Every structure is written in structure tokens, then in C-alpha cells.
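In what follows, a structure is listed as C-alpha cells, so that the remarks can point back to it.
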Amino acid sequence: MPKDTSIKSVLIIGSGPIVIGQACEFDYSGSQAARSLREEGIEVTLINSNPATIMTDPVTADHVYLWPLTIESLEKILQERKIDAVLPTMGGQTALNLCIEADKQGLWQEYGVRIIGVDIEAIHITEDRERFRQFLDQQGIPYAPSKIATSYLKGKEIAQEFGFPLCIRPSFTLGGSGASIVYHKEEFDSLLKRGLEESPIHEVLIDKALMGWKEFELELLRDSNDNVVIICSIENFDPMGIHTGDSITVAPAMTLSDRTFQRMRDMAIKMMRNLGKFAGGCNVQFAVSPDEKEDIVAIEINPRVSRSSALASKATGYPIAKIAAKLALGYHLTELANPITGETSAYFEPTLDYVIVKIPRWNFDKFEGADRRLGLQMKSVGEVMGIGRSFQEALHKAAQSLEIKRNGLGADGKGLTNQDLVLEKLANPSWDRIFVIYDAIQLGIPLRKIHEITKIDMWFLREIEDLANTQRRIEEHTLESLPPELLFEAKQKGFADRQIAHMLHRLESEVFNKRIEYGLKRVYKLVDTCAAEFPAKTPYYYSTFEMPVMRPDGTLEVKNDSKVSDRKKVVVLGSGPNRIGQGIEFDYCCVHGVLAARECGYETIMINCNPETVSTDFNVSDKLYFEPVFWEHIYEIILHEKPIGVIVQLGGQTALKLAEKLHRYGIPIIGTSFESLDLAEDRGKFSNLLREHNIPYPKFDVITDPDQIYEVAEELGFPLLVRPSYVLGGQGMKIVINMEELEHHVVELFKDFPGNRVLLDHYLDGAIEAEADAIADGEDVYIIGIMEHIEPCGIHSGDSHAVLPPFNLGPLIIEQIREHTITIAKALKVKGLINVQFAIKNDVVYVIEANPRASRTVPFIAKAYGEPYVNYATRFMLGENKVKDFEYKPQLDGYAIKIPVFSFNKFPNVNKELGPQMRSTGEAIHFIKNLRDPMFKKVYSERNLYLSR
Numbered sequence: 001m002p003k004d005t006s007i008k009s010v011l012i013i014g015s016g017p018i019v020i021g022q023a024c025e026f027d028y029s030g031s032q033a034a035r036s037l038r039e040e041g042i043e044v045t046l047i048n049s050n051p052a053t054i055m056t057d058p059v060t061a062d063h064v065y066l067w068p069l070t071i072e073s074l075e076k077i078l079q080e081r082k083i084d085a086v087l088p089t090m091g092g093q094t095a096l097n098l099c100i101e102a103d104k105q106g107l108w109q110e111y112g113v114r115i116i117g118v119d120i121e122a123i124h125i126t127e128d129r130e131r132f133r134q135f136l137d138q139q140g141i142p143y144a145p146s147k148i149a150t151s152y153l154k155g156k157e158i159a160q161e162f163g164f165p166l167c168i169r170p171s172f173t174l175g176g177s178g179a180s181i182v183y184h185k186e187e188f189d190s191l192l193k194r195g196l197e198e199s200p201i202h203e204v205l206i207d208k209a210l211m212g213w214k215e216f217e218l219e220l221l222r223d224s225n226d227n228v229v230i231i232c233s234i235e236n237f238d239p240m241g242i243h244t245g246d247s248i249t250v251a252p253a254m255t256l257s258d259r260t261f262q263r264m265r266d267m268a269i270k271m272m273r274n275l276g277k278f279a280g281g282c283n284v285q286f287a288v289s290p291d292e293k294e295d296i297v298a299i300e301i302n303p304r305v306s307r308s309s310a311l312a313s314k315a316t317g318y319p320i321a322k323i324a325a326k327l328a329l330g331y332h333l334t335e336l337a338n339p340i341t342g343e344t345s346a347y348f349e350p351t352l353d354y355v356i357v358k359i360p361r362w363n364f365d366k367f368e369g370a371d372r373r374l375g376l377q378m379k380s381v382g383e384v385m386g387i388g389r390s391f392q393e394a395l396h397k398a399a400q401s402l403e404i405k406r407n408g409l410g411a412d413g414k415g416l417t418n419q420d421l422v423l424e425k426l427a428n429p430s431w432d433r434i435f436v437i438y439d440a441i442q443l444g445i446p447l448r449k450i451h452e453i454t455k456i457d458m459w460f461l462r463e464i465e466d467l468a469n470t471q472r473r474i475e476e477h478t479l480e481s482l483p484p485e486l487l488f489e490a491k492q493k494g495f496a497d498r499q500i501a502h503m504l505h506r507l508e509s510e511v512f513n514k515r516i517e518y519g520l521k522r523v524y525k526l527v528d529t530c531a532a533e534f535p536a537k538t539p540y541y542y543s544t545f546e547m548p549v550m551r552p553d554g555t556l557e558v559k560n561d562s563k564v565s566d567r568k569k570v571v572v573l574g575s576g577p578n579r580i581g582q583g584i585e586f587d588y589c590c591v592h593g594v595l596a597a598r599e600c601g602y603e604t605i606m607i608n609c610n611p612e613t614v615s616t617d618f619n620v621s622d623k624l625y626f627e628p629v630f631w632e633h634i635y636e637i638i639l640h641e642k643p644i645g646v647i648v649q650l651g652g653q654t655a656l657k658l659a660e661k662l663h664r665y666g667i668p669i670i671g672t673s674f675e676s677l678d679l680a681e682d683r684g685k686f687s688n689l690l691r692e693h694n695i696p697y698p699k700f701d702v703i704t705d706p707d708q709i710y711e712v713a714e715e716l717g718f719p720l721l722v723r724p725s726y727v728l729g730g731q732g733m734k735i736v737i738n739m740e741e742l743e744h745h746v747v748e749l750f751k752d753f754p755g756n757r758v759l760l761d762h763y764l765d766g767a768i769e770a771e772a773d774a775i776a777d778g779e780d781v782y783i784i785g786i787m788e789h790i791e792p793c794g795i796h797s798g799d800s801h802a803v804l805p806p807f808n809l810g811p812l813i814i815e816q817i818r819e820h821t822i823t824i825a826k827a828l829k830v831k832g833l834i835n836v837q838f839a840i841k842n843d844v845v846y847v848i849e850a851n852p853r854a855s856r857t858v859p860f861i862a863k864a865y866g867e868p869y870v871n872y873a874t875r876f877m878l879g880e881n882k883v884k885d886f887e888y889k890p891q892l893d894g895y896a897i898k899i900p901v902f903s904f905n906k907f908p909n910v911n912k913e914l915g916p917q918m919r920s921t922g923e924a925i926h927f928i929k930n931l932r933d934p935m936f937k938k939v940y941s942e943r944n945l946y947l948s949r
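Under the working numbering, residue 949 is the last one in the sequence shown; the count climbs by one each step, no gaps.
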């Protein structure tokens, strides 16, 4: 059936600010859906309150409303625009809940709007735990023994009947909020109370914990003709008991027998077909018993694009959100083409000739006192994905992508050697679970013992054991005696040159040179959905190592799918995994950088490892390398592609940290020079620059040894702001008020950041904080925005409410801010972007720091003023345009407020005070006409409430 021609305009509801459990995967899904609808000539209107996303950019939709996700906002849009249908499946639980509430209030009916892509009744069935159990009974699908509790008393009765351990799962919540496994009777009362409070309808499902059962997910698509395809099977490395968002996952499923997979497939299709009438995406989760019987029970079904949909799309190359949006218009799968091949039908199930591994990224260091154990409630803030020809290679590449100062599994001198500690960590899984398993194997703890404690499938454990054995074999050699076959085997298994160098007590560059001497270079393979059965048209690559094959003429050849063109090329380094301090706003900058370079005629090459983002959509750049943002991988891509240079100032600290090495290897950095980037990070050199230009700055000193603190503290005086250099998001920052606190924190910093310098600033107590963002071409500077923070100096800028333009700074202060920003940008010869942060006290404007790169606030200012500042900045970096080439017309009626959004609900026992270390996971934008606005007055009155050290 062709598309429904009565639908001419569609409203997409976004997911709002980034929170744990609902992150930038919905920015990817929503952006892709909007593009897909516009391809069909549909007028797309979008509502979302998140300014940091590509989804809320003018390039995505015809009309973008940066408004709060409320019924009132929806009604205002429906009064302004003729909307035929609403698509609520691309904005996670937030969008669905809002759509359901609007439906209850009769809003859609009143304005003649159809709901597409989902069946509201289906949502009610899946979110209401009791109705879901009834549905499974009707379909004959097994599930874990469970009962519903709507009161404290009922919950206690169920616990008495089931015994422990058991699971508590609240109804209608996101990311497992309030869910827990209860092992002991003493914990039950408080966890039940929390579950009932977290559920908006105060209902929990209590089920018998299936400890040790294996967990699987299937991603499906269904059209209105009841055609269903399984896009991807995903296996959780961790057994039941750890939220799938916090589990390492593998695709395709590794340990599932074909017979059981077919049974699971049949169950999923049956569930989807009988769950209301809707066309679109669906995610089904199952548990499988870890024995020969392989009994299957259903855990849950999400009849919408889910958190795993982005992962499944990137894992297979099949753009789930794009196809789901077209199915919502009435198309059948048989009528749509496979976007990867361009010729085969979309009614097919992808085939993978590679393996992907996803590892979550946590930020427990930002939540002091948090329970770091993993369980049913999601706690990770982001994720990475590695693609390889084997599980081992993909696992290593994912571990190298995490940016936690590890080079992969083992071989970096950071492994644990205390057996008791390792056994305790195996029993209480946390962020370092995969590394601890490797350490346990290296310590000689038997696999059977590790399996007994963790319940992780023996297949995975044997694969990791084989890696440890490979390391042991390499360590028996020197670099000179290392056989080429063993070096090749190590590279095929994903070991980094840096790891092999550690094993052999040599330099990384020496290992690299040795393998190049042996002809061991990376080759690049296509992600093509069909295991190379049909030619693919998408430039989406991953690297691996392959043995040469003999051609008919007798020569040896290694097949490389990535063909190098003769066009001038530019590499954009992505920002890696989402984390606090470096979130989706940097992906926004990378995407706009790529689009601008394409407009200027460059072939654009994106390198990134984050499966949640728009930058890793293969449609965005000319070539996508889904690789770790890790030196070895980047360097070989550069050697292969030979670009004119690399853009590092859009990908946050991830990309910036690689600037020094790029510079050392003679690879041109596009835009602001490495010398200027380094000068801004070197507090001593930067302060000299400020002194030369008579710009005030707080008294400071730099120490390289803890013994230096006494003299420095006496000179500067307390309170002091203490921080390491080259970090993002205020990592390691603290305000100290006495010598005891100073001693303790400095010792911790030198332990956590070995080889780094520690900066001590005199803290300007009671100062007002402001910041300016600017774009420059090396000569002229244009200030795109000045923002005043509502909270006092001392709360990290990412955690402050910031107002654009300033609301309480006099003209003389603003003029000083402008002059200082322009002076610094010119002195650093900035080509691209710069952010300068200020503290204002007694009418003196002090410079706290300057960052000549994209900042967290650039997307916010661009959205508030309606101007494409990253596009301009990229053109300046490339030398294609000058500041004077553009006419700037910022438009803002009143003020825009950046509202920080926190995920403290995932860590109920954590102190919620704020300080110099960033803790917010996302942000919203709020527009006000004047300062009498009640929201502004409330925030301003509470501005000192949460300040801590």
C-alpha cells in the first residue's frame, strides 16, 4: 500500500533534556525520522526543549519549537499550525507519556490529529505490568512468576510468598527508575517504598529473580500489512539482574542455539502482531535459562523506537528510525528500498559478517557516595561501540573507545593484583567489570569460579581467557624475536600497539614501525547489511586485519573496501562517548562542521565510536569510520586517506587531547594552531599572555609536587580552587578552605592524574560568573553571545542557569567582557571558536579561563539567536571565509535561559549540592519576555542554595 496521501504535515515529539536512561539515541532517531518524512514531501514540525541537539536545528525540520514538553505547548502548536498526524515514537518514554496524556485530555481528537507509528492501547498494555502479564497469558508466552503490588502491605505479602532474591519493577518509568533486585529481607522495605514512589501510578511488579539466566533483545519492524522483520539480535554479556543499558552487549547473539533463536523469533513476531495495530519499530527482551533446555521467558516489549534501536541501526547499517517513519505513513516494507544497497528491498533481515560490542560509559566519580553496583536501575551516561571481525577484536576496540585511561583489556600496568579485591568486585559488578574479569584470569582464578560468581556464559569467559593467554605468549619475546604470525594474531584480536609495547617494554612507535615492516596494516571493510552479498552504496567503514589472498596472477592482495578519492579531504574527530561534561552539544558541533566542510567542496571524513549520535549516521559525512577516537586508529586512517588536515576543536576534550600528537607527527591541525591550543591549557603561559595585555586574573600558581602546596597556599590565601589541567566538566575540581582539605585533595589529584600539573587559584568568593563565546578568522573576532550565570562563581558553568543576554551586568562590565574576549582571541590567533569565562567582583572583570574550541554553550546560543555559528566557524577554520563575509542578525525577544538538568534520582543517597565539578547530564532552554517571569524569579531567589565545595 502506498503512503497515506491525506497526511501532509506531521508533528514529532522529542525526548527533552538528556537524562540517564534517555540520552542522545533519541536525537539520532528523531533527526533521522524528520529527514525521512521530509523526503516524502511531508511538512515536519518538531517540539523539543533540548537546545544541544541536531534534532532541534533548522536543518532537521520545517518548524522547530524549543518549548517545554507540556500539553499547553502542544495546544499552542496545534492552534498555530495545521497538523494532520503526530509521531510520538521517536522521543522515548517522555514523548509517549506526553502523547498519552494529550490523548486522555482529548487534544488530538479536538484538533483532528491522528496518532501514527504507535497504538496507544498497545502502550498501555506494555507499561501496565498487570495488563502485560494478561497479554502474555493470552499469547501463551512464558514469563517469570510475578505479582502486582499497589500497596506496601500487598508487596510484603508477595515477598513472603516468593522468597528472596526477587525483583521490584515500577510501572510507567524510564531507564529502570526505582527498579531493584532484593537479595535480603532487611533491604526489602526501603526498596519497595522507593519503587511505589517512583511509579506515577504507584504500582510495582514483584517477580522471582531469574538469577543467572541469559538476557537477549530483538529489534523488529512491522508494517500495516503485518510484515515483520528482525533487524538485529543482541545478547547481553551480563546475565539477568543488570539493566540492559548498563550491560555490555554483543550483536549478533553469540551463545544462542539456532533452535532457540527460531523459537524466540517466533515469540517476538507473535507478540508484535497481536499487540494492537501499529506500523513501526519494536524492541522485545527475553531471558533464556543457562542450561540445555534453554527455556525462554519474556521480560518486556517496547512498541516504539527504543534505546537499543540506535545501537541496532549502527550495528547492522539498517536505519530503523528512517524506515519506521515511512511505515508510519502507510508504506509497506516491500515498497521501500534498502538504503544501504539502494537496490534490494527493505523487507529483509540484515546479515552480519562482523561482530559489534557495546560497552556503557559511567560517571560515578561525579556522584560522590553513589552505590556503584550495577543492577536493574540504569546508571550509565553514555556508551561506545566497537566493530571487529571477531568478538575479541570488537571487545578490545570498544574498551579502547571508553576514554578511561585504559588501552584495552590488560597490558597497561593498571590491572588489579589483590585476589580478595578481585573476588569481591566479581561478586559486585561495577563500571570496571570487564577489566576485573581479565585481571581474575591473569591471577589464575579458575574460569569455573568466575562463572560461578558472575554467571557470565563460559563462551565469553573462554574468549577473554584466550586474550590473556595471547598476552602471556607475547611477553615471552622481545620485539626483535616476536614472530610476525604472533604479532598478526594479536592485532586480529584487537590488541593495541600501545598494549603490545607495554608487554615488550618498548615504545608504541617501535611496535607500529615493526608491524609496518612486516606489512601488517589495517584494512577497511564496509558495514553493508548483507555480508557483501550485494554491492553497498554507503561509505560506512570499520577496520580489521586480514591475511593476504593470492590473486590469479600470483600476487598477494588484501581487499580494502575503502577506496581513496583524489578530492581534497578533511577529517573531523568526534567526541566519543557521552559523559558528564562532554555531551551531545559536541556532537552537534561535529555534525555542523562536517556539513559546512561539505558545502565548501571538501570530502568529509568522520571518525567516532558513539552509536547514539547523529555524527555516526552514515548519511552525514562523505565517509564514516566507526573507530575508536584513539591515536593508533586515527593515525592509520589519516595515512590511508591523506587529508589536508584534521579538525580537533569541535569534538570536545576527546579530540583536543590528540592535537599534541597530531602536531608532533606533522599532521596539519585545521583552524587554531596547536601552539595556541596548548598555550590556553598551560596556565603559566596563558597568565603571561593576560599580564602582557593588562587583563586581570585571579592569583594562581602551578605545582608539580604535593610538597609545594604549603608555600603556594601561604602566598595565595584560602579559599582556593584546586584543579588538574587538560580536563573537561570540572573533573577533579574542588574549593578548599584549609590546609587539611588542600593536602588531601592534592594527593588525590596526583594519584588520579599522574604526570599532570595541579593548578591552585585564589577563589573569588561571592563573585558573579559570566562567559562569552566568539568566532574568529585569525584576525577579526565576532562575539556570538555573552551569558550571565544566575548562580554565584564556584558552581560549574555546566550546572548553572545561564541567561542570554546578561540580565544584571552594567554596560561598563559588558564592555570589559567584550574587550577581553576580542583581545584574547586575537592574541591566540583563533581560527574557529573560543569560549572565555569570567568572574566579576567589585566591578573588576577577571578572566578565569579561555578555551579556543567549541564550548558546551555554542548550540544554545545558536538556537537562541537563530544563527548557524558552527557553520561560520568551520568556514573560518578552512580559510574559506572571513568574519566580514557574513551579516549577523541575532534574533531574540527577551531572554533565553539555559536550564541544567540532573539525574540525581538514579543515585538517591548522593549529596545534591553543587560545586566546581559538573554533575548535570543535560539541559533545556526556556525563553522569557522579561525578568518578572516567575520561573526566573524562583531560580534567582534560590541561587545560593546548592553551592558547596
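Each residue gets a CB set at the ideal place from its N, CA and C atoms; glycine is no exception.
Treat the numbers as computed from the prediction; the structure is a model and nothing was measured.
Where residue i falls, given that 16 or more other Cβ within 10 Å makes a residue buried
| i | result |
| --- | --- |
| Asn842 | exposed |
| Asn283 | buried |
| Asn871 | buried |
| Ile966 | Nothing in the structure corresponds to residue 966, since the chain is present only between 1 and 949. |
| Ile452 | One point to set straight first is that residue 452 is Glu, not Ile, in the sequence displayed. By the neighbour-count rule (16 or more Cβ atoms within 10 Å), Glu452 is not buried but exposed. |
First through last residue of the beta strand (DSSP E) which encompasses residue i
| i | result |
| --- | --- |
| His762 | 758 to 762 |
| Gly92 | Unbroken run through Gly92 is the alpha helix (DSSP H), 92 to 104; no beta strand (DSSP E). |
| Gln837 | 831 to 841 |
Paired residues, beta bridge with residue i - DSSP
| i | result |
| --- | --- |
| Leu556 | Met550 |
| Gly280 | Arg222 |
| Pro792 | Ile768 |
| Phe286 | Phe216, Ala298 |
| Thr351 | Cys530 |
Reference residue i, options the options, closest by Cα
| i | options | result |
| --- | --- | --- |
| Gly732 | Ala490, Val844, Val746 | Val746 |
| Ala61 | Thr70, Glu75, Lys882, Thr45 | Thr45 |
| Ile962 | Leu804, Ile795, Gly794, Phe876 | Any question about residue 962 goes unanswered here, given that the chain covers just 1 to 949. |
| Asn578 | Val19, Lys3, Glu788, Gly14 | Val19 |
| Glu681 | Asp705, Gln139, Ala770, Leu656 | Leu656 |
| Ile168 | Thr316, Gln134, Val59, Gln377 | Gln377 |
| Asp761 | Leu742, Thr470, Ile13, Lys884 | Leu742 |
| Arg472 | Glu403, Val646, Ile441 | Ile441 |
| Gly30 | Met90, Asn50, Gly21 | Met90 |
| Ile897 | Arg919, Glu923, Lys912 | Glu923 |
| Glu465 | Phe216, Leu487, Val436 | Val436 |
| Ala209 | Leu809, Gln400, Val297, Glu867 | Val297 |
| Leu662 | Gly651, Ile634, Ser676 | Ile634 |
| Ser289 | Arg498, Glu300, Met240 | Met240 |
Residue i, enclosing alpha helix (DSSP H) - first and last residue
| i | result |
| --- | --- |
| Val381 | Careful: Val381 lies outside any alpha helix (DSSP H) and carries neither H nor E. |
| Arg522 | It is not in any alpha helix (DSSP H) - Arg522 carries neither H nor E in the DSSP assignment. |
| Ile861 | 858 to 865 |
| Asn469 | 458 to 475 |
Between the region 195 to 203 and the region 156 to 175, can you find at least three pairs of beta-carbon atoms closer than 8 Å?
The region 156 to 175 is in contact with the region 195 to 203.
Say whether the region 568 to 576 touches the region 602 to 621, bearing in mind that this needs 3 or more beta-carbon pairs closer than 8 Å, one atom from each stretch.
With the rule of 3 Cβ pairs closer than 8 Å, the region 568 to 576 counts as touching the region 602 to 621.
Assess contact between the region 214 to 234 and the region 343 to 355, defined as three or more Cβ pairs (one per stretch) separated by less than 8 Å. Is contact present?
Short answer: they touch.
Within the chosen definition, does the region 359 to 378 reach the region 900 to 909 through at least 3 CB pairs nearer than 8 Å?
With three or more CB-CB distances shorter than 8 Å, the region 359 to 378 counts as touching the region 900 to 909.
Answer yes if the region 754 to 768 comes into contact with the region 792 to 805, meaning at least three C-beta pairs across the two stretches below 8 Å, and no otherwise.
Put simply, the region 792 to 805 touches the region 754 to 768. At least three CB pairs are less than 8 Å apart.
Within 8 Å, do at least three Cβ pairs link the region 23 to 41 to the region 324 to 334?
Yes, they touch.
Is there contact here, the region 548 to 564 with the region 519 to 531, by at least three beta-carbon pairs under 8 Å?
Contact holds between the region 548 to 564 and the region 519 to 531, because three or more Cβ pairs, one in each stretch, are under 8 Å apart.
Below 8 Å, can you find three or more Cβ-Cβ pairs linking the region 846 to 861 to the region 680 to 700?
Pairwise C-beta distances place the region 846 to 861 in contact with the region 680 to 700, as three or more of them are shorter than 8 Å.
Touch check for the region 73 to 89 and the region 109 to 128: three-plus C-beta pairs under 8 Å?
Three or more pairs of CB atoms, one per stretch, sit closer than 8 Å, so the region 73 to 89 contacts the region 109 to 128.
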